[in-house]
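Asker: Take our numbering: the last position of the sequence shown gets the number 103, and nothing is skipped along the way.
All C-beta atoms, glycine included, are put in the ideal place defined by N, C-alpha and C.
Here the structure is a predicted model, which is why all the values come from computation and not from measurement.
Could you have a look at this structure, given as structure tokens, before my questions?
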Amino acid sequence: MAHSTSARKRIRQNAKHNARNRWRKAGMRTAIKGYLDKLAHGTPDEAAEALRTAVSVIDRTASKGVIHRNQADRRKSRLSAKLKVKQGAAKA
């Protein structure tokens, strides 16, 4: 158990930041799942709109420092590649 005042404050801050980061990460995962659902069951246009929303949430999560910038870029790249496959299949 922490004894100093600053250590106690640090524990409180860590708990608060941890909760906020978990909330942001969960929101990001929800946006990604919504996109993947639209990709599987919706039209390519609906999927493209859901991708824009998911990319926005991913960028916001990275800008807050919850995930690394490279991880955000990797996630966006993989999601957009899936959309390209879907759009190619829709045209064929």
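Which residue wins for smallest C-alpha separation from R89, given the options S74, R71, L47, K20?
Answerer: For R89, the nearest C-alpha among the options comes from L47.
Asker: Note down the Cα distance separating N29 from D70, rounded to an integer number of angstroms.
Answerer: Looking at the two C-alpha atoms, the distance is approximately 19 Å.
Asker: Could you tell me the boundaries of the alpha helix (DSSP H) in which H28 lies?
Answerer: 16–52 is the span of the alpha helix (DSSP H), which, as asked, contains H28.
Asker: Taking just the CA atoms, how far does H14 sit from I43?
Answerer: Going by the C-alpha atoms only, they are around 42 Å apart.
Asker: Report the three-state DSSP secondary structure of V77 (helix, strand or coil).
Answerer: In this structure, V77 counts as coil in the three-state DSSP scheme.
Asker: Taking all protein chains shown into account, decide if M39 is buried (16 or more other Cβ within 10 angstroms of its Cβ) or exposed.
Answerer: With 16 or more other Cβ atoms within 10 Å, it is buried.
Asker: Please check the pair K36 and T64, which I expect to be a contact at CB under 8 Å, by giving their CB distance rounded to whole angstroms.
Answerer: That pair is no contact at about 16 Å.
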